[in-house]
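First comes the structure, then the notes that go with it.
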Amino acid sequence: MAATNQKNVADKTYARIENADLIEVGWKICVPAKADADAFLKAFDPNKPWLLFGAGKKGQLLVGSWWTNGGEFAGLNEMFKLYKAANPDVEIVNAAIAGGAGTNFKGQLLTQLLGGVAPDTFQLHAGLEVETYNPPTLVVPVDDVYKSANLEAAFPKDLLTLLKYKDGHYYGVPVNIHRANVLWYNKALFTKAGITKAPETWDEFFATADKLKAAGITPVALGGKDGFELQHTFETILVGTLGADGYRGLWTGKTSWKDAKVTDALNTFKKYITYANADHDALSWASATALLINGKAAMNIMGDWANGEFTAAKFTDYGWAPTPGSKGIYDALSDSFALPAKAPNVDNAKAWLALAGSKAAQEKFNPAKGSICARTDCDPALFNAYLQSAISDWKVNAIVPSVVHGAAATPSWASKGYSDPVVLFASTGDVAKAQAALVAAAAAAGFPQ
Amino acid sequence: MSPKHRNWERVVSILLLLPSILALGIFVYAFIAWTGYISLAKWDSAAPDFTFVGLRNFEHLFIGDGTDAIRFRYDLRNMVGFTAFFLLSCIIIGFGLAVLLDQRVRGEAVFRSIFLFPMAVSFIVTGVAWRWMLTPGEANDPVGVNIIFTQLGLKNLQSTWFTDPTIAYLSPDSGVGAILNSIGLGFLTTKDFGYPLAITSLVIAAMWQLSGYTMALYLAGLRSVPDELREAARMDGASEVQVYRHIILPLLQPVTLSVVIILGHISLKIFDLVVSMTGPGPGFATDVPAYNMWKTTFDATLFSQGAAIGLVLLVLVAILIIPYLRYSIRAEAQV
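Line order of the protein sequences matches chains A and B.
Residue 344 is where the first sequence starts when you use this note's numbering, and the numbers rise one by one after that.
Residue 825 is where the second sequence starts when you use this note's numbering, and the numbers rise one by one after that.
Here's what the structure looks like:
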């Protein structure tokens, strides 16, 4: 069988056998020499039945991700091409499941991993999201890839700190970096309201917002349909109010959630919502971005995937700045690839991980996806104007982990302890209660205040 | 028939039933037991942890003022509000349509199909479609249904639909509220016992989908009422209203019971419609237990907490179903 299928790779007149029990009349098949057949059966692993079908001499590479549309899919395909060129004997299987931020993929993957079935590698937000997979039980360290591909020299120090799990190992190789703390604005509306520069502090922000309001313009475009938009905005406010060290400390127990600055951040958030479009609870982040594109609202806080929406809509009259108070800080999230403990083709997976960390792959992937390289040595000329500014910031800024996007805290803290009080707060505006709930969440996560 | 033969038949019938009994035992009851076991454990990360923690996970849901407890109370409130209005509107509209169709109108089959069609659509599709229609837009820049209202000059009818964060509840300052407070029922005058206006949008979508089905049930019921009874009532001088009030409605009681049970258990477990249409909503105004269970289990990896929510949901559905089962088993026994 393997002989026939291998023959099929070079000569399509040979049949490709997909089902071991089925050979049809009229198929041209290749009978191996006895020595070959003996060798094949001896090396054959009944636990890896797909090898029977000669997926390539070296088997398959199953890549799990939630990249299924637009730029992200194009980027992934570029990586597949590179991999195929370097490993022609491996068949790549794209095991992607659609769904923004991996909501569908993660649930499915976790069920599979718990059941003992694993892809060879899968997409993972870098940082504490790895705890979803209980390292090192379901995923295993990839330190040797870091060593062989010399990745420690390629990534910024702050990123390495973020990637290193508390047991001192790396569990994923990052391919890209997104920035969460970006304030986008519509230049035409700014000009109309007589505003000349983007606000740098929250006081300036609200002064700007008042000017816009006076000019009859909705100051802030906000989405809230999926809840995460609100949590995302509040996260950037925390970053801007507490600074890099203060914000980092929130997730390590060094900064108390009882801090007066958290109270300030809650008050700022409350005020921020009052400047937003009235229907914010009905809109997704992309619809909120569309308000800015269509000139219906002037400012929007969103991660730099919004830049992809601008490009897709051929909208160029926008400006950007770090969210108020967060100049010099890069609130980062990163997609990485991890290695499951039960990966069927470990060698293929490791080759993939090394590729994911390489300059060649990152330079192909990121311009398509609309993110920047995790490496610091990519050629900026390949990227658009916004991304170029992000690249220069990435090299010098303090890097802090995004909580909403899986980097800063364990899943239970990030998607319940932190997020539920923020959703409640956005509707009640009860600062004291929200802060108490956030304190309780930190305590539940193991950081009593 | 010889006794030997009869024994053999009994053996065969048991053998035939055995596979489904085993399958039910494993895939329904064993898993319920497993969920119950998990709900008493401390499994709150991806790593299975079966340390016994007693009723801690249930305490989280029911006791205190933690965010989990608040959210779960809101879930129950939303579920009750949704179920009540959904059942009521389906029964009224379904019965109304059935009565109209029962007048032997021309093209009855066409109308029947039109009213039944929505049922063939999945809740996901319904949810997405109604989400598009009920997305409000801004007051001066409406979208969806709100555009229609504006164009028709009915601007006052514009609503914020499922984004409305308003909770209607008895104010403690009102007359009734004061009375409740004075007799120690003050807890009824909180938002935990209110009705979130956003739920109405869900009710509209679910009603659109299932009132046709209710109509079909009632229509079958109406057709089974013998004409002689109606004629006799009319002969006795009963008005049309009295015929329905005293003859037909009582005879339709079993149909109404079936409707309540079938729609009731759908609405208690409602999940897909919420996911595709509203999500948890502003301040959890449209969150329901099933949605919370899914989020808790798979997003936050709090498996034990999720199992606890699942069990509460099971108990709630059982409260609805078990009396019905007892009733129908007893009815069958009488036959």
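A virtual CB, placed ideally from N, CA and C, is assigned to each residue, including glycine.
On a predicted model such as this, the values are computed, not experimentally measured, just so you know.
When the five nearest sequence neighbours on each side are left out, the beta carbons in the same chain lying within less than 7 Å of the beta carbon of G772 (chain A) are those of K613, in order along the chain. When 9 Å is used as the limit between beta carbons, S869 (chain B) is near these residues of chain A: E474, T475, N477, T753, P754, S755, in chain order.
Boundaries of the beta strand (DSSP E) around V516 (chain A): 515-517. Taking a contact to require three or more Cβ pairs closer than 8 Å, the stretch 995-1012 of chain B and the stretch 959-976 of chain B do not qualify as touching. Residue contact check for G1103 (chain B) against chain A: a CB pair falls below 7 Å. The C-alpha of I838 (chain B) lies about 10 Å from the C-alpha of S844 (chain B). Just so you know, the alpha carbons of I917 (chain B) and Y1148 (chain B) end up roughly 23 Å apart. Considering only beta carbons, the part of the stretch 603-623 of chain A lying closer than 7 Å to chain B consists of N620, A621, D622, in chain order. For F465 (chain A), the three-state secondary structure derived from DSSP is strand. DSSP lists no beta-bridge partner residue for L864 (chain B). Secondary structure remark: continuous beta strand (DSSP E) runs of at least 3 residues inside the stretch 622-699 of chain A, in chain order: 640-645, 661-665, 672-676, 678-681.
At least one C-beta of chain A is nearer than 7 Å to the C-beta of A1124 (chain B).
Judged by DSSP secondary structure, I1143 (chain B) falls within the alpha helix (DSSP H) whose first and last residues are 1127-1158.
Looking at the DSSP output, S408 (chain A) shares a beta bridge with A:A439.
Within the stretch 880-931 of chain B, the alpha helix (DSSP H) runs of at least 4 residues that lie entirely inside it are, in chain order, 880-886, 891-925. Bridge partners of D965 (chain B) according to DSSP: B:E962. Burial state of S1048 (chain B) is exposed, judged by a 10 Å Cβ sphere holding fewer than 16 other Cβ atoms.
Using a CB distance below 7 Å, the part of the stretch 885-899 of chain B facing chain A consists of G890, T891, I894, R895, ordered along the chain.
The beta-carbon distance between V1083 (chain B) and I1094 (chain B), rounded to whole angstroms, is 16 Å. This is too long to meet the 8 Å contact definition. The secondary-structure analysis by DSSP pairs T561 (chain A) across a beta bridge with A:A640. With the criterion set as a beta carbon lying under 9 Å from some beta carbon of chain A, the members of the stretch 983-996 of chain B are T984, W985, F986, T987, D988, P989, in sequence order. DSSP places V1084 (chain B) in the uninterrupted alpha helix (DSSP H) bounded by 1077-1092. Under a 10 Å Cβ-count criterion, F1122 (chain B) is classified as buried, with 16 or more other Cβ atoms of the shown protein chains found around its own Cβ. With its beta carbon less than 7 Å from one in chain B, K759 (chain A) belongs to the interface. Taking the Cα of T534 (chain A) as reference, the smallest distance to any Cα among A:T551, A:E547, A:W545 is reached at A:T551. Three or more beta-carbon pairs separated by less than 8 Å link the stretch 678-693 of chain A to the stretch 482-493 of chain A, which places the two stretches in contact. Taking C-beta atoms as the reference points, P942 (chain B) and Q1033 (chain B) count as a pair closer than 7 Å.
Here DSSP, grouped into helix, strand and coil, assigns L526 (chain A) to strand. Under the 7 Å criterion on CB atoms, T959 (chain B) is classed as interfacial with respect to chain A.
By the Cβ criterion, the stretch 699-716 of chain A is in contact with the stretch 413-420 of chain A, since at least three pairs of Cβ atoms, one from each stretch, lie closer than 8 Å. Ranked by how close their Cα comes to the Cα of S627 (chain A), the residues A:S669, A:H575, A:H521 have A:H575 in first place. For a Cβ distance threshold of 8 Å, nothing in chain B lies close to L593 (chain A): the least Cβ distance comes to about 17 Å. When DSSP states are grouped into helix, strand and coil, H829 (chain B) belongs to the helix group.
Secondary structure remark: continuous beta strand (DSSP E) runs of at least 3 residues inside the stretch 462-512 of chain A, in chain order: 464-468. Under the three-state reduction of DSSP, Y426 (chain A) is assigned to helix. For P744 (chain A), the enclosing beta strand (DSSP E) stretches over residues 741-744.
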